[in-house]
Each structure stands twice: as C-alpha cells, then as structure tokens.
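Q:
Chains as they are written, first to last, in the numbering used here: chain A, -18 to 343; chain B, -18 to 343.
#1: Using a Cβ-Cβ cut-off of 6 angstroms (strictly less than) and excluding sequence neighbours within five positions of residue 300 of chain B, which residues of its own chain qualify?
#2: What span of residues does the alpha helix (DSSP H) with residue 233 of chain B cover, start to end?
#3: Can you pull the chain B neighbours of residue 251 of chain A, defined as C-beta to C-beta under 7 angstroms?
#4: Out of curiosity, what's the CA-to-CA distance linking residue 157 of chain A and residue 192 of chain B?
#5: Name the DSSP bridge partner or partners of residue 158 of chain A?
#6: Suppose you measure from the CA of residue 340 of chain B to the CA of residue 230 of chain A; what does that come to, to the nearest Å?
#7: Using a Cβ cut-off of 7 angstroms, pull out every chain B residue sitting near residue 217 of chain A, in sequence order please.
#8: Based on the DSSP secondary-structure assignment, which residues constitute the bridge partners of residue 184 of chain B?
#9: Could you work out which residues of chain A lie near residue 204 of chain B, taking near to mean beta carbons separated by less than 8 angstroms?
#10: Using the three-state DSSP reduction, which class does residue 64 of chain B fall into: helix, strand or coil?
#11: May I ask you to report which of helix, strand or coil DSSP gives residue 59 of chain B?
#12: Starting from residue -7 of chain A and walking both ways along the alpha helix (DSSP H), at which residues does that stretch end?
#13: Residues in its own chain within less than 6 angstroms of residue 334 of chain A by CB, not counting five upstream and five downstream?
#14: Anything in chain B within Cβ reach of residue 274 of chain A, meaning under 7 angstroms, just list it in chain order.
#15: Could you spell out the range, first to last residue, of the alpha helix (DSSP H) harbouring residue 6 of chain A?
#16: What's the C-alpha gap between residue 30 of chain B and residue 20 of chain B?
#17: Quick one: is residue 307 of chain B near chain A, going by C-beta distance under 9 angstroms?
#18: How is residue 31 of chain B classed by DSSP in three states: helix, strand or coil?
#19: Beta-carbon separation of residue 233 of chain A and residue 239 of chain A under 9 angstroms?
#20: Is the beta carbon of residue 134 of chain A within less than 8 angstroms of some heavy atom of the ligand ADP?
#21: Quick one, which of B:316, B:247, B:-7 has its alpha-carbon nearest residue 292 of chain B's?
#22: Counting beta carbon pairs with one atom in the stretch 201 to 210 of chain B and one in the stretch 304 to 312 of chain B, are three or more of them shorter than 8 angstroms?
#23: Alpha carbons only, please: which of A:182, A:305, A:219 is nearest the one belonging to residue 289 of chain A?
#24: Under 9 angstroms, CB to CB, which of the residues in the stretch 184 to 209 of chain B have a partner in chain A?
#25: For residue 255 of chain A, count neighbouring C-beta atoms within 10 Å of its own C-beta (all shown protein chains included) and say buried if the count is 16 or more, exposed if not.
#26: Can you tell me the Cα-Cα spacing of residue 103 of chain A and residue 132 of chain B, whole angstroms?
#27: Taking C-alpha atoms, which residue in B:328, B:286, B:332 lies nearest to residue 60 of chain B?
#28: Quick check: the stretch 41 to 52 of chain A against the stretch -3 to 13 of chain A, are there 3 or more CB pairs under 8 angstroms?
#29: So residue 339 of chain A is in the alpha helix (DSSP H); what residue range does that whole segment cover?
#30: Taking only the alpha-carbon atoms, compute the straight-line gap between residue 287 of chain A and residue 121 of chain A and give it to the nearest angstrom.
#31: Measure the C-alpha to C-alpha separation of residue 223 of chain A and residue 105 of chain B and round it to an integer number of angstroms.
#32: Please identify, using Cβ separations under 9 angstroms, the residues of the stretch 224 to 236 of chain A that lie next to chain B, in order along the chain.
#33: Which residues, taken in chain order from the stretch 156 to 179 of chain B, show a beta carbon closer than 9 angstroms to some beta carbon of chain A?
#34: Would you call the stretch 268 to 287 of chain B and the stretch 141 to 157 of chain B touching, i.e. three or more CB-CB distances under 8 angstroms?
#35: Using only CA atoms, which one of A:-11, A:67, A:167 lies nearest to residue 115 of chain A?
#36: Tell me residue 83 of chain A's beta-bridge partners as DSSP assigns them.
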C-alpha cells in the first residue's frame, strides 16, 4: 500500500512539476500528513528534490517538489547493423550524455559489439555523472519474453544471444534488459512526441519492423514477438526473403531492396538515382498493402513511419497513405505520418524505460 | 466492496460447483460469517441454489451451493445472411432452448429480419421458461464501440443499423447488445471448447472475419473493428472486392469465391465439383498468406478455422497450416486446427455473455 502511494505521489510530480505537497494531497485524496511522510521518503531515496521555498504567498512558505535531476538515471544502448550508441537520461527522461560509434556487425561475433558498447557506456556514464540504476538494450531483432534474441535476420550471429548476462559483467554488474528496437521507437513516439495511445510505428531500415502501441501500452503478442510487419506478404510470388518466405514487405520496401531498385549506392544518393521515382513508388505501394493488412486486423488509427522512411519526404508519405486507403476497410479513419523524432528515439526510450520503471515502483 | 465479494463468491461456485460455504471461505480468504451473509444475498437474488444437505459427515450437515438453473438467463440471437437463430442459456451457460429459421436478408430491410428474430425469441423464451435478463445479437459485420453496425458487406442494408434500440421494443424492453459474429465465435472456442487464451478464430462464410483472443480476452482494437482478416490482401492485383480494395482474402477463400472457382452450386456439392481440388488448394494458399500476415503481426500461437472451413476436412486444414508455415517467421510455434464446435458457437456465446456479465457484476 505504501509503495502504491509512493508511486501515486511520484505520478503527480511527473504530471505537473514543480508541485507543492498541498497540491499533491488535493489531487491524490491522501491526507497532508501522509503526503509529507511519503515525500520525506522519496527525498531520502533521491527521487525527489525540493526547490527553494516560494515566499510572498500568505501562510507558511511552501517548498515545491520536482524530480531529482541528480537522482537515479537510466542507460540506453542501441546495437544496430552498422553502429552502436549509448545514452544516459535523468529521472525526467532528459538526455544527459550520448555517444555513437560506426561499427559494422553484420557477420561479426556479438562479443565485438558488446565490447564497444561497454566502452561507450563507460564514456556516457562518466560524462553524465549520475547514479545509473539499469540499462535497456535496443536490438534490431525479435526478443522473446525471456529477453533472448530469437531472430535478427540482419545480424545472423545474434540469434539466440542472451544479451543481459553477456553485458552485465561488462557494465560493472548493472541489470540489463533487452528489447526490440521498433518497440522502443514506438514508445518514444508516445513518450516524447505526444503520440496517440493507439498507433503502429514502422521502423524502416535493412529490415522493417513495427512497434504496436494499444491503449497507451506496448503490444507484444503472446510470445513477445508481435510486429513482424517486414514479413507480411505483399506479393505471394515475389522474391525469396531471408525469413524463408517470399514476397515479404522487406523485399520491396527494405533499405537494400529500395536502393537496388533505384540504382543508388546509399540513401543520400537516392534522390539522384536513375530509377528513384519508380523505386519509391514501389515501396509506397508495398507499404500500402502491408499496412492495410495490419490496420484491417488491428484497427489502429495512426501509422507513424520512422527510420529511413522519415527521410523520404511528406509527398512520399502522402503516397503511402493513399495506397493504404485503397486497401483498408475503415479508410476514413486512418492517418499516416512521418516520425518527427530524430533517429535516436529508440535509444532514448531504452534509457527512459529504466527510469520510468523506477518511478512506477519506487 | 460487497459487490466485489459477491462476484468473488460466484466465481468460486462457477469454478467448482457444487461447493460448500466453508470451501468458499477457505479459497477466498473471507470469513465464514461474511461468506454466509453473501451467499444469503445471492440465494435471494436467485443466482445460487442450495442442494440437499449432505448427511453422514461429522458435524452440522452442509448444504452445497450451485448456480441456480432457474435463475437469470441470457438470450442469444444470430442474424446471418441466410438465416436467423435464437437460444436461451441458463446461468451455467447450458442451452435450454434453441431455434433457427432460414431467411434470406441479403437485400432486405433489417425490419424483416428483426420481426423474425422477435418471433423466434418469443418461442425460445416460452420454451425455456427462465427469467431472461438481456440479449446479445451476433451480426456478420463490423460493430462499432457504440454498438452500431459500421459495415456488413454481405448485408448492405444493415450498415448504420443500431440494432439495440430497434430490437428492444420487440423483445418487451429487454436490454440488447450487438456484437460481431466472429468475435463471439472466438469467445465460444475459449469458453466451450477449452480454447487457448491466445488465438485467432477465423469465421469462413460469404465474408471471412476473425475474432482475436489475447490473454483470454477479446481483442477489439482501438475502434472495436479489429479482425478484418477477409480484407487482408493476398494478391495485390487480384479481383475487385466489395470493400473497395482488390485481391482481398475473401475474393479467393470466401464461400462464393470458393464455389465459383470449384464450379459448385453449394458447399454440399463441393466434393464432386469439377475443379474442387484446385479451388480448395487456392483457398488454402490464400489463407496461408493472410494468416501469416496476421501471425507475424500479432504473434498468436493458434489459429482455429470455423464456419464453412470447419467442414473442409483435416487434410485441407493441414494444407493451410503448411502454407502458413511457408510464410510465417516463427513457424515452429503456430498451430492450425478446425473448430470442433457446432456452427452455433457464436449464438451460444452471445447468450452466455449475458449471464457471464451478470455473474461478474451481480
């Protein structure tokens, strides 16, 4: 009960900091005495911080409360096909240190990436100088309910990797959780971009994944592996896919397929590539088919296109929307928009999930 | 609190009737005095029934409790393209009266079907002679969160129909709720066939719909319109569909498409039709594509094929499973089976949802 009330007080501070003890009592229905005692405990635990008392108001001066910017912090780690990154956020979710390192892992042993990650983590922790209490690792693969990487088609040597136990010793014993990159990016939209409570976030890259948020919570499916949008079939007789199927969305709208179709070496060269328009049109059509399936099945009202898709422009996004509307049953009720978060959304959400968990169960 | 405890007592009776007051106290942690007083209230409300006391045991004879077979009952109603049906279930969910009437509604005004439904309802209520407290209507269309039929492609004149207010006056003022047929059939699998807590039920007919159960609860999506499996695209350039799209699953695996492809007049004639094998194979392949998309997105471990599909045989079901496995990422973890419930599953679940709601909030 006391734990529940501690979380209740923290929730009020998160909602409208700085806030007085009296306001918290008013909003939670707890007595002022109870609130004072809970606040005392949260101050001792380093979760809250007291601002200077406001003078001038009648009566005893009140010291407003806010989250402690020097309190428990979260470490976020991102392992991608071509880079690793790390960041530290404070209790408010603000990024206090961030670092990124180009590093190709496609056919390398996970140990290499983990050593680099550990190095980056040391650097950002030193820079932030905050008490980091846990880490969440974003990986571009399917993560089972037990935290093991079930499949990472673009990082084949990571299949079966149990990142937590491998990484914890390299991070001085820090508890580590592993999560899917698209899932974290979906939470980033919700947390940092005022995203709607029901939405599908599409992470475009070499692979294409989706993070599904329903009722303000991540939807992970019975086995924790929901959101495999990249392997929804868009052309039953299409090209073979790494997953063993054929004609999957990734084979038309994944980064490599897109560049190949356009005749471009990389994303920067795409606008000037000889077949850019046709390739972008093909990707939009394929996304329209796959997204229509997803919207028909899940009835999500908003689709957010992120990763490489966020760089393809508003006109292309409108094209995806039009293609989707040709196929979806409730066409008047579905919006498609580009992610406005920087590519680091998943990384920041990884770090923020650590502190959010701490605030939920202090 | 008392309401909560009343529900708690009922839950224990449902779990293991007949059951003694002492056993209920033991399992709920409530005192024997509290249980006795709650049971008294439930006996008065007609929800519980006392069996004859068991003699022979030492001490005061105990009168075991069970759900009252003459207590509040539920009316289920089914409106289909080619028939209407009604049934009454008692508090245990047992069917106490059932009736079905062939009646084509495809291009008819809803008023006709509702008049027939009201007639059937009168007949089953008279036969069951139980105090019916509410009705749930299963319709083969999408039902919005407000209970209005949003779309019913095969009953075009039902779009926008608010069945509750239309039907209540015809049923003597009985409260009426409307629900999607596939959703109710999915609950029927869960409730009456020991179905798994995470599954997708596919209702094959003129239209193809899915009822999705996640964590033992119906998943309805943000707008209550999830599960439009029939309009998942299986052939991007395929035939135009009533929904406005093209190449939807229904256009290959819906009843009419299947019969047309086989050259059969109806389902009974299918086995002897000139092109039966090719048509069934095409339907299995199309279902494989659409179901793979659904399983990739939702990560449901079990697919139950019902409606007309339950009549197509085990070998055909295996074929669907094989086609699905060609396309799904986590192929080792997905099972496909035919529904073992009679076609009346949705009807019975409709009636049962009335009494289940009463038992949850007595």
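Virtual Cβ for every residue (Gly too), placed ideally from N, Cα, C. Quantities reported herein were computed from a predicted structural model and do not represent experimental measurements.
A: Inspection of the coordinates gives the following:
#1: Close CB contacts of residue 300 of chain B within its chain, under the 6 angstroms cut and outside five residues either way in sequence, are with 265 (chain order).
#2: Taken as a continuous stretch (DSSP letters only), the alpha helix (DSSP H) holding residue 233 of chain B covers 231 to 234.
#3: For residue 251 of chain A, there are no C-beta contacts with chain B under 7 angstroms, since the nearest C-beta of that chain is about 24 angstroms from it.
#4: Whole-angstrom Cα-Cα distance: 37 angstroms.
#5: DSSP output for residue 158 of chain A lists A:117 as bridge partner(s).
#6: Rounded to the nearest angstrom, the two C-alpha atoms are 46 angstroms apart.
#7: Per Cβ cutoff of 7 angstroms: 215, 216, 270.
#8: Answer is B:190, B:287.
#9: Here the neighbours are 280, 282, 311, 314.
#10: DSSP places residue 64 of chain B in strand when its eight states are reduced to three.
#11: Looking at residue 59 of chain B - three-state DSSP - the assignment turns out to be strand.
#12: Residue -7 of chain A -> alpha helix (DSSP H) spans -17 to -3.
#13: If we look at residue 334 of chain A and ignore the five residues flanking it on each side, its Cβ neighbours are 117.
#14: Within 7 angstroms Cβ-Cβ: 213, 214, 274.
#15: Residues 2 to 9.
#16: One C-alpha to the other measures close to 9 angstroms.
#17: Taking Cβ atoms only, chain A reaches closer than 9 angstroms to residue 307 of chain B, which makes this a yes.
#18: DSSP, reduced to helix, strand and coil, places residue 31 of chain B within a strand of the structure shown.
#19: The criterion of a C-beta distance shorter than 9 angstroms is satisfied by residue 233 of chain A and residue 239 of chain A.
#20: In the structure on display, the ligand ADP does not appear, and there are no ligands present to speak of.
#21: Closest option to residue 292 of chain B, Cα to Cα, is B:247.
#22: No, they do not touch.
#23: Among A:182, A:305, A:219, the Cα nearest to that of residue 289 of chain A belongs to A:182.
#24: Along the stretch 184 to 209 of chain B, the positions whose C-beta sits under 9 angstroms from a C-beta of chain A are 191, 193, 195, 196, 200, 201, 202, 203, 204, 205, 206, 207, 208, 209, read in chain order.
#25: Label assigned to residue 255 of chain A: exposed.
#26: A direct Cα-Cα distance of roughly 57 angstroms separates residue 103 of chain A from residue 132 of chain B.
#27: The shortest Cα separation from residue 60 of chain B among B:328, B:286, B:332 belongs to B:328.
#28: Proximity of the stretch 41 to 52 of chain A to the stretch -3 to 13 of chain A meets the contact definition, three or more beta-carbon pairs being nearer than 8 angstroms.
#29: Under the DSSP assignment, residue 339 of chain A falls in the alpha helix (DSSP H) whose first and last residues are 326 to 341.
#30: Cα atoms of residue 287 of chain A and residue 121 of chain A: separation of roughly 14 angstroms, rounded to the nearest angstrom.
#31: Residue 105 of chain B has its alpha-carbon roughly 57 angstroms from the corresponding atom of residue 223 of chain A.
#32: Residues 224, 225, 226, 227, 228, 229.
#33: With the criterion set as a beta carbon lying under 9 angstroms from some beta carbon of chain A, the members of the stretch 156 to 179 of chain B are 177, 178, 179, in sequence order.
#34: Cβ pair count under 8 angstroms is below three, so no.
#35: That would be A:67, whose Cα lies nearest to the Cα of residue 115 of chain A.
#36: Beta-bridge pairing links residue 83 of chain A to A:64.
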